[in-house]
Amino acid sequence: MKRFEKLLKNGLVTLFLVCSVPAFAQIVAPSPVTPIGIPGDLTVGSITNNTLPVTTINDAVLFYNPATSGPSLTLTASLDDGLGNTFTAYQWHTIITTDGTTETENLITGEATQNLTLTQLTPGYHKYRVYGLVDDGSVICQSGDFEDIILFVLSPLTVETTFNANGNPLAYCSTDVPATPIELSVTSLNVDYTANTNGYPNPDGNDFEVTYTWFAVKDADTANPIDLATSADTYAVTLTDPGTYTFYVEVEYVVKDKGSRDYVTYTTTVQDGAADLQIVVSPTPGAPTITIGTVTD
């Protein structure tokens, strides 16, 4: 969108002139590259005058914290245009699409300074635009040049799992691990973008690279889970220590380091119908001893 505004100041006479053209027809939407493993794969960052490529900014990918109803951050526009013109005011806009082919600017009222603080961002893509204005005392000038930035908020993951008994009962002796073991697996990673109304298509959960960590809980000892030492999306049960086991998997995004954020480790317990899957490993008895009892000869 090209826009030009000027305000002439001459005594008591003020002239305000606004000229604009309709929103551009060609959408410049984020286009993720799968599998998504780094911020650049999400096409996030800054775009000057809607002209690609996007300049990737790692901090443009954010985690969603349910406790705060989403992340917050501050966008900061430059003080000048790099050509010697110092901005005296700014216009910030949200950019949305309703049809997937055109974009619409929505002015964020009351935001005319260098900084724009955003809070409670919903999962999915967000696009913002800033224009700079220059007031030299006699006229306010704004060109059609602008800077866009695309942000992406990672949705919490809902992890779906299943198991394949491979014809085995859910119990075996400690020395008789099935030749084709019971197999646990992650079947789907689901995301939720329903609260995001910006109109841009968002990637599926299965489009992301993630890490998997499997654990077993023996005899309900949840304080001391057993790390099953596998990073695959499946685990073949080969436990030999007698006990009753349940299993869970932790899933984390690769695209951004979790740091100390415990809330971005997504955990699911493997189910058997409506209950937790239980596999029983029973002790294999040793040989009996023989003694001689009462002797009559």
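In mature numbering (1 follows the signal peptide of the UniProt record, and there is no 0), the protein residues as written are -25 to -1, 1 to 272. We treat Cβ as the ideally placed atom computed from N, Cα and C, and that holds for glycine.
Does the distance from the CB of residue i to the CB of residue j come in under 8 Å?
| i | j | result |
| --- | --- | --- |
| residue 18 | residue 5 | yes |
| residue 179 | residue 166 | yes |
| residue 38 | residue 231 | yes |
| residue 177 | residue 168 | yes |
| residue 2 | residue 76 | yes |
| residue 31 | residue 57 | no |
| residue 132 | residue 226 | yes |
| residue 128 | residue 45 | yes |
| residue 69 | residue 170 | no |
| residue 173 | residue 155 | no |
| residue 256 | residue 149 | yes |
| residue 158 | residue 84 | no |
| residue 105 | residue 80 | no |
| residue 94 | residue 47 | yes |
| residue 191 | residue 200 | yes |
If contacts are defined as beta-carbon pairs under 8 Å, then residue i and residue j qualify, I think. What distance do you get, rounded to the angstrom?
| i | j | result |
| --- | --- | --- |
| residue 220 | residue 242 | Actually they do not touch by this definition, with Cβ atoms about 16 Å apart. |
| residue 229 | residue 184 | 4 Å |
| residue 120 | residue 24 | 6 Å |
| residue 92 | residue 49 | 5 Å |
| residue 51 | residue 108 | Incorrect: roughly 16 Å between the Cβ atoms, too far for contact. |
| residue 118 | residue 135 | Actually they do not touch by this definition, with Cβ atoms about 51 Å apart. |
Since residue i is in the beta strand (DSSP E), which residue starts that stretch and which ends it?
| i | result |
| --- | --- |
| residue 159 | 158 to 165 |
| residue 37 | 36 to 38 |
| residue 176 | Element bounds for residue 176: n/a, residue is neither H nor E. |
| residue 286 | Because the chain in this structure spans residues -25 to 272, residue 286 falls outside the shown range and cannot be described. |
| residue 146 | 146 to 148 |
| residue 139 | 133 to 139 |
| residue 210 | 209 to 211 |
| residue 254 | 254 to 257 |
Could you tell me which residues DSSP puts in a beta bridge with residue i?
| i | result |
| --- | --- |
| residue 193 | 220 |
| residue 226 | 187 and 241 |
| residue 25 | Its beta-bridge partners do not exist; DSSP assigns none. |
Inset, instruction - Could you tell me which uninterrupted alpha helix (DSSP H) segments, each at least 4 residues in length, are contained entirely in the stretch 48 to 131, listed from first to last along the chain? - result: none
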